[in-house]
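Below you'll find the structure, written out as structure tokens, and then a few comments.
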Amino acid sequence: MVRSLLIRGMIAGFLASLLAFGFAKIVGEPQVDRAIAFEEQMEQAKSGGHEHDAMPELVSRDVQAGIGLFTGVGVFGTAVGGLFALVFAFAYGRVGTLHARATSALMALFGFVAFALVPFLKYPPNPPAVGDPGTIGSRTALFFTMIGLSLAALAIALFLARRLAARIGVWNASLIAGVVFLAIVLLAQWLLPEVNEIPDQFSAVLLWRFRMASFGIQAILWASLGVLFGSLVERLLEDRHGALRIS
Amino acid sequence: MHASTTIAPTIQPVSIPVRELLPWAIFGSILMLIAIYFVGVEEGAAAVFNSMYVHEFVHDGRHLLGFPCH
Ligand SMILES: [Zn+2]
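If you read the protein sequences in the order shown, they are chains A and B. Using the numbering used here, the letters of the first sequence map in sequence onto residues 15 to 261. Using the numbering used here, the letters of the second sequence map in sequence onto residues 73 to 142.
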């Protein structure tokens with residue numbers, strides 16, 4: 015059963031990543047190209063340049079923007095789908111009486127908020143030319159710390175909602191859990207250091223468009239994962255109901 | 073085979089026992105996290121290979137998926 019769920023999760027994740035790739039290619043790539051053009055301009059102006067780009071081109075821009083982007087988004091989507099399926103395997107039947115499709119949709123919403131939206135708000139994605147290569151280590155660590163704290167806040171909120179639901183009802187329990195989640199996340203975002211390494215001359219419009227493209231990719235990925243996975247596993251779990259009823 | 077795809081509202085979803093779940097959860101999540109590592113981190117802040125090829129190949133995806141890259 016878990017194996018079938020895992021495989022279906024990876025399939026749903028891959029299919030979702032196809033949609034995300036389409037959006038990334040059409041909406042995201044032009045922004046990346048513009049940012050790289052800006053980066054090259056800056057480098058010519060300085061004529062010094064920093065390591066990351068001073069190196070000879072290892073992979074052509076066409077490959078990066080084509081099969082490279084496809085692979086990156088595809089592997090990420092498939093892996094997120096797999097993790098999603100494993101969490102689903104635990105959540106299913108343990109979140110009240112929610113059925114497969116509703117559980118999947120709700121999980122995708124929570125996953126998007128905790129895994130994508132919260133980190134996005136604290137450490138928004140940056141196009142090429144933004145960011146000091148010297149701080150990549152600490153920025154990566156901060157980014158994953160934010161994701162970890164966000165997931166922890168979600169776990170605490172869900173635990174609380176489950177405990178309170180029996181006593182004060184699902185609605186009130188959900189409200190309190192929501193407030194607790196928000197409070198923990200805001201506290202974490204307030205305590206974690208700020209990162210601002212945007213060059214002075216970098217276009218605000220370009221930065222906004224790049225970040226919105228990135229936001230759209232995540233939104234498409236999670237929304238389609240939630241819907242596709244629910245449809246893919248509904249029948250599988252329903253058969254199991256049948257089998258259990260007979261036995 | 074599947075004549076009816078509607079679930080009667082009276083049927084309760086049956087959860088999967090943790091004992092059955094755990095080996096898959098460990099095996100699967102390690103595999104998935106390694107995959108995410110190669111898209112999001114490899115040859116950026118850490119490196120298993122040392123050619124920058126992986127980094128450069130998935131470069132655009134890494135930026136657009138929101139991982140710190142440069
Ligand atoms: Zn980069």
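Don't be surprised by glycine CBs; every beta carbon is placed ideally from N, CA and C.
Contact check, residue i vs residue j, beta carbons under 8 Å
i	j	result
A:ALA38	A:ILE231	yes
A:ALA99	A:TYR106	no
B:LEU94	A:VAL46	no
B:TYR125	A:LEU72	yes
A:ALA112	B:PRO140	The question names Ala, yet the displayed sequence has Leu at residue 112 of chain A. In this structure, B:PRO140 does not lie closer than 8 Å to A:LEU112 by Cβ.
A:PRO147	A:ALA49	no
A:LEU163	A:ALA191	no
A:ALA34	A:ILE198	no
A:GLY95	A:MET24	yes
A:VAL89	A:MET121	no
A:GLY86	B:ARG134	yes
A:ILE203	A:LEU135	What sits at residue 203 of chain A in the sequence shown is Gln, not Ile. For A:GLN203 and A:LEU135, yes; Cβs fall inside 8 Å.
A:LEU206	A:THR159	yes
is_contact[residue i, chain B] using C-beta, thresh 8 Å
i	result
A:MET15	yes
A:GLY63	Note that A:GLY63 scores a pLDDT of 49, beneath 50, so its modelled location is shaky; the value from the coordinates is reported in the next line. Judged by the 8 Å Cβ criterion, A:GLY63 is not in contact with chain B.
A:GLU57	no
A:GLY36	no
A:VAL73	yes
A:VAL241	no
A:LEU120	no
A:THR85	yes
A:PRO44	no
A:GLY192	no
A:LEU172	no
A:LEU33	no
A:LEU100	yes
A:SER228	yes
A:GLY96	yes
A:THR111	yes
A:THR159	no
A:ALA180	no
A:GLN78	yes
A:VAL89	yes
A:GLN232	yes
Inter-residue spacing [alpha-carbon to alpha-carbon] between residue i and residue j
i	j	result
A:ALA51	A:PHE195	41 Å
A:PRO139	B:TRP96	32 Å
A:LEU123	A:GLY240	8 Å
B:ILE106	A:PRO133	20 Å
B:VAL130	A:ALA187	42 Å
A:TYR137	A:PHE129	12 Å
A:ASP104	A:GLY42	Before going further, note that residue 104 of chain A is Phe rather than Asp in the sequence given. Roughly 35 Å separates the two Cα atoms.
A:ARG22	B:VAL90	19 Å
A:VAL193	B:GLY116	36 Å
A:ARG223	A:LEU242	28 Å
A:GLU208	A:PHE157	11 Å
A:GLN58	B:VAL111	30 Å
A:GLU54	A:ALA171	46 Å
A:GLY63	A:GLY27	Confidence in A:GLY63 is poor, its pLDDT being 49 and thus under 50, which makes the residue's placement too unreliable to answer from.
A:PHE229	A:GLY91	15 Å
A:ARG17	A:ALA167	28 Å
A:VAL109	A:GLY125	15 Å
A:ALA169	B:HIS142	32 Å
A:SER74	A:THR117	42 Å
A:SER290	A:LYS60	In the structure displayed, chain A extends from 15 to 261; residue 290 of chain A sits before or after that span and is not available.
A:LEU178	B:SER87	21 Å
A:LEU200	A:LEU165	13 Å
Neighbour flag for residue i against chain A, beta carbons, 8 Å
i	result
B:ALA97	yes
B:ALA107	yes
B:GLU128	yes
B:ARG134	yes
B:VAL120	no
B:ILE102	no
B:GLU115	no
B:GLY138	yes
Strand pairing of residue i, partner residues [DSSP]
i	result
B:ALA118	B:GLU114
Residue-level contact to chain E via CB, residue i, 8 Å cutoff
i	result
A:PRO213	Looking for chain E here will not work: the only protein chains present are A and B.
*Which runs of the alpha helix (DSSP H), 4 residues or longer, sit entirely within the stretch 31-67 of chain A?*
43-60
*asked:* Can you tell me which residues fall inside 6 Å of ligand 2, judged by beta-carbon distance to its nearest heavy atom, and keep chain order?
replied: Ligands present in the displayed structure are limited to ligand 1, and ligand 2 is not among them.
*Which runs of the alpha helix (DSSP H), 4 residues or longer, sit entirely within the stretch 88-175 of chain A?*
114-125 and 132-136
*Quick one: complete beta strand (DSSP E) runs, 3+ long, within the stretch 86-115 of chain B?*
none
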